[in-house]
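Straight run, no breaks: the sequence shown in this note's numbering ends on number 310. The beta carbon of each residue, even a glycine, is placed where N, CA and C say it ideally should be. First the structure, in the form of structure tokens, and then the observations on it.
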Amino acid sequence: MLRTRTLLAGLLAAAVLPLAACGSTDDPLAPEQPGSTNGGTGGSTSVTIGSADFPESALLGEIYAQALEAEGVTVQRQFNIGNRETYLKAMEGGEVDILPEYTGSLTNYYDSSVTATDPDEVYDALKTKLPDGLTVLAKSTAEDKNSMVVTKETADEWSLTAIPDLVAHQDELSIAAPAEFRTRHQGLVGLKEVYNLVPAEFRPLASQATVEALKNGQVKAANIFSTDPSIAANGFVVLEDPELLFGSDNVVPLVREEVATSVQAALDAVSAKLDTPALADMVKQVVVDTKDASVVAKEWLTSAGLI
């Protein structure tokens, strides 16, 4: 009887082994394990999405997050990390998998010698400048780029229509912008090289403080993103950039290559629908109307047929 039980146990063990093997990651039919990024969007894919520390970036991060969650992806949010110098370190270190980025600014960050300004040329150049392990998915037509802005009163007083017009007044010119504007080519460095413009004073301020400083007359000009609703709300004048110092800056997902296949379909679909008017309107809802970014993101994704 003992031999019979032993034989039965052996047969059962032999039968269980093939079943256990079906769960192996070597089996193409096996379900994905937690944290896996294989097999396309959905399943048990898990990613971390980050953003820069301004409202539009966090809003875009939320749009990406909800679009992926609708496809079954598990998303961790790590928004408002900091400036580009800070959040790219987090991404290159593997702490973040996906970030909303801007084609021209990111290209310029990695190689300030790139002269392309056409959106497609900038996008193609960007793909060749990224470090190993990072890639970009499809860019959107939505664009938000740096701009030099003045009040209507200053524009009228100094007869300003374009950035070069500021040169005649640079001895009394004060500019407010985020701190990194001081050292970037799309900042004071480029203003000097491209327009021979050197302001008498530079005031490093956060985004909203920059708007307030311009509105209150504490500075004469400011670097404000072109989709910022404060421009229209305050009647600010955006100065023309004839030499295209600020280039083109289309919104694009920057991703770690190891997750690209898993998230591409969902994020490419977002980029195909996202345009500048829609982005500007959503930013207004978040910044001016103080609506929750998750609500604004969901409403747009629903209206675009993406969730």
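Where does threonine 51 sit, in a helix, a strand or coil, going by DSSP?
strand
Using DSSP's beta-bridge definition, name the partner residues of glutamine 267.
Paired residue(s): none; glutamine 267 is not in a bridge.
Within 8 Å, do at least three Cβ pairs link the stretch 76 to 90 to the stretch 176 to 184?
yes
Just the Cα atoms here: how many angstroms apart are isoleucine 178 and proline 207?
Using only the alpha carbons, I get a separation of about 9 Å.
Between the C-alpha atoms of alanine 283 and aspartate 231, what's the straight-line distance to the nearest angstrom?
Going from the Cα of alanine 283 to the Cα of aspartate 231 covers about 7 Å.
Taking the alpha carbon of phenylalanine 228 as the point to measure from, which residue in Asp123, Ser108, Thr77 and Gln69 has its own alpha carbon closest?
Ser108
Contacts around valine 214, its chain only, beta-carbon distance under 8 Å, and the 5 residues preceding and following it disregarded
Ala225, Ile227, Asp231, Ser233 and Asn237
Would the beta-carbon of isoleucine 52 fall within 7 Å of that of proline 256?
For the 7 Å CB-CB criterion, isoleucine 52 and proline 256 do not form a contact.
Please classify glutamate 98 as buried or exposed, where buried requires at least 16 neighbouring CB atoms within 10 angstroms.
exposed
Alanine 33 by DSSP, collapsed to three states: which one?
Note that alanine 33 has pLDDT 38, beneath the 50 cutoff, so the model's placement of it is unreliable and no number is given.
Identify which residue in Gln173, Leu194 and Lys218 has its Cα closest to the Cα of glutamate 204.
Gln173
Measure the Cβ-Cβ separation of alanine 70 and valine 273 and say whether it is below 7 Å.
yes
Would you decide whether alanine 61 is buried or exposed? Buried here means 16 or more other CB atoms lie within 10 Å of its CB.
buried
Between threonine 48 and valine 76, is the Cβ-Cβ spacing less than 7 Å?
yes
Residues bridged to glycine 85 [DSSP beta-bridge criterion]
Ala55
Same chain, Cβ closer than 8 Å to valine 50, neighbours up to 5 away in sequence not counted:
Thr40, Leu71, Val76, Thr77, Val78, Gln79, Asp100, Ile101, Val262, Ser265 and Val266
On the DSSP bridge assignment, give the partners of asparagine 253 in chain order.
For asparagine 253, which the question treats as bridged, DSSP gives the partners Glu146.
Assuming threonine 213 is part of the alpha helix (DSSP H), what are its boundary residues?
For threonine 213, the enclosing alpha helix (DSSP H) begins and ends at 210 to 218.
Beta-carbon proximity list for glycine 38, same chain, < 7 Å, skipping 5 on both sides:
Bear in mind that the predicted position of glycine 38 carries a pLDDT of just 40, short of 50, making it unreliable; the figure below should be weighed with that in mind. Contacts found: Ser49.
Using a Cβ-Cβ cut-off of 6 Å (strictly less than) and excluding sequence neighbours within five positions of proline 34, which residues of its own chain qualify?
Note that proline 34 scores a pLDDT of 35, beneath 50, so its modelled location is shaky; the value from the coordinates is reported in the next line. Taken in chain order, the list of residues that qualify is empty.
Can a CB atom of chain C be found closer than 7 Å to the CB of threonine 138?
Absent from the structure is chain C; it holds one protein chain and no more.
Segment limits, alpha helix (DSSP H) that includes isoleucine 234
233 to 237
Which of the three DSSP states, helix, strand or coil, is assigned to leucine 137?
strand
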